[in-house]
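In terms of this note's numbering, the sequence shown opens at residue 12 and continues consecutively.
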Amino acid sequence: MISAEKLAELYREACEIELQAFKPGNVSVYADGHDMTVNDFRISAEISAKPLCNPAYTLGEKVFYAVKATREVVGCNTNLGIILLCAPLIQAVTKVSANVSLQQALHQVLATTTISDADWVFKAIASAAPGGLGESDEQDVRQPPTVTLTQAMQIAADKDRIALQYISGYKDIFDYGVFRYNARLSQWRDKNWAAVFVYAELLSQFPDSHIERKHGDKYTAWVAVRMRQFLEEFGGATDPRQSMQTLFCLDTEFKSIGVNPGTTADMTVATVLLVLIEEILDQHKP
12 MISAEKLAEL
22 YREACEIELQ
32 AFKPGNVSVY
42 ADGHDMTVND
52 FRISAEISAK
62 PLCNPAYTLG
72 EKVFYAVKAT
82 REVVGCNTNL
92 GIILLCAPLI
102 QAVTKVSANV
112 SLQQALHQVL
122 ATTTISDADW
132 VFKAIASAAP
142 GGLGESDEQD
152 VRQPPTVTLT
162 QAMQIAADKD
172 RIALQYISGY
182 KDIFDYGVFR
192 YNARLSQWRD
202 KNWAAVFVYA
212 ELLSQFPDSH
222 IERKHGDKYT
232 AWVAVRMRQF
242 LEEFGGATDP
252 RQSMQTLFCL
262 DTEFKSIGVN
272 PGTTADMTVA
282 TVLLVLIEEI
292 LDQHKP
């Protein structure tokens, strides 16, 4: 079993790897943006780790107290998506056994969420106040829920990629993100650059919910095309640092029009965390 302290360490490491990855349009060590800094995200990771990994908390409580801690220190919504994606993964670790894989444990967690979990998460989303998130004719985060957390995510899944992970068993991450991350990690031996590749691959294939909440689908196809063009160069590189100039140009281009692929960045964190957890679990196998 992985201790709460170790899980918190892995979570912070995943957040730091994502910050070290040059993600065009998003905040990284290479460029701040959207009125947020790298330090904001580092503090957020540090302060949210303890409540997120507290074994005494339910899934919903993990999300609420991690978001609350972040808001109290940073004062803005830096990591709601990260917390929403990482909380079930962290919760699932406690259910892993010799006969139950992490993926199976995650399915158990998502299949057994409660109305109370939804209530805690609704309060967390409302306090984080992300534009447009949580508004629905059926369930609104400003009102007490009448469905479980997973059922609430089902309602939101057609317009939110994070919600979709809750009802698909994190299919995008298990079947797409992890495979690509591990392939590039084996090739480049660099976790940060492997994370850049996952981010670019996800963004080339899936609409980013954060972009679409702000801009509708105005930039969806354009962003996908730009990332596919980038991947033609980046994917074939023996040294990924050769693409730095292209990344700087893309970053400037995206930020100049207010395009921030925040959901894709959140999914990158979750992908890295999943890989880090699996590595530790493999070490403990008999």
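Just so it is clear, CB atoms sit at the ideal spot from N, CA and C, and this is done for glycine as well.
Please read these numbers as outputs of a predicted model, since none were measured by experiment.
Other residues of its chain near residue i: CB distance less than 6 Å, five sequence neighbours each side excluded
i	result
Gly-145	Reliability fails at Gly-145, whose pLDDT of 44 lies under 50, so the model's placement of it is uncertain and no value is given.
Val-73	Just to set this straight, residue 73 is Lys in the shown sequence, not Val. So the list reads Leu-63, Ala-98, once near-sequence residues are dropped.
Pro-66	Ala-15
Phe-133	Val-152, Pro-156
Range covered by the alpha helix (DSSP H) that runs through residue i
i	result
Tyr-68	No alpha helix (DSSP H) holds Tyr-68; DSSP gives it neither H nor E.
His-221	220-226
Gly-92	91-104
Phe-33	Counting along the chain, Phe-33 falls outside any alpha helix (DSSP H), and DSSP gives it neither H nor E.
Asn-203	202-216
Phe-185	Here Phe-185 belongs to no alpha helix (DSSP H), and DSSP marks it neither H nor E.
Met-255	255-267
Met-238	231-245
Under the three-state DSSP convention, the category residue i falls into
i	result
Gly-44	strand
Val-152	coil
Val-158	coil
Ser-112	coil
Ser-39	strand
Met-278	helix
Ala-135	helix
Ser-179	helix
Ile-13	coil
His-118	helix
Asp-169	coil
Pro-251	helix
Pro-272	coil
Ala-61	Sequence check: residue 61 is Lys here, not Ala. In this structure, Lys-61 counts as helix in the three-state DSSP scheme.
Cys-26	helix
Lys-79	helix
Cutoff 7 Å; reference residue i; Cβ partners in own chain excluding five residues on either side
i	result
Ser-147	No answer about Ser-147 holds up, because its pLDDT of 47 lies below 50 and its placement is not dependable.
Expected contact under 8 Å - CB spacing of residue i and residue j to nearest Å
i	j	result
Ala-32	Arg-82	Incorrect: roughly 25 Å between the Cβ atoms, too far for contact.
Thr-279	Tyr-210	5 Å
Ile-288	Leu-96	About 13 Å separates the two Cβ atoms, so there is no contact after all.
Gly-71	Leu-160	6 Å
Phe-208	Arg-195	4 Å
Own chain, CB closer than 8 Å to residue i, minus 5 neighbours either side, in chain order
i	result
Gly-142	Here Gly-142 scores only 47 on pLDDT, less than 50, and its place in the model is too uncertain to base an answer on.
**Prompt:** Does the count of Cβ pairs from the region 264-281 and the region 34-42 closer than 8 Å reach three?
**Reply:** yes
**Request:** Would you check if the region 43-56 and the region 67-86 touch, i.e. whether three or more CB-CB distances between them fall below 8 Å?
**Result:** yes
**Asked** Are three or more beta carbon pairs between the region 227-245 and the region 181-199 nearer than 8 Å?
**Response** no
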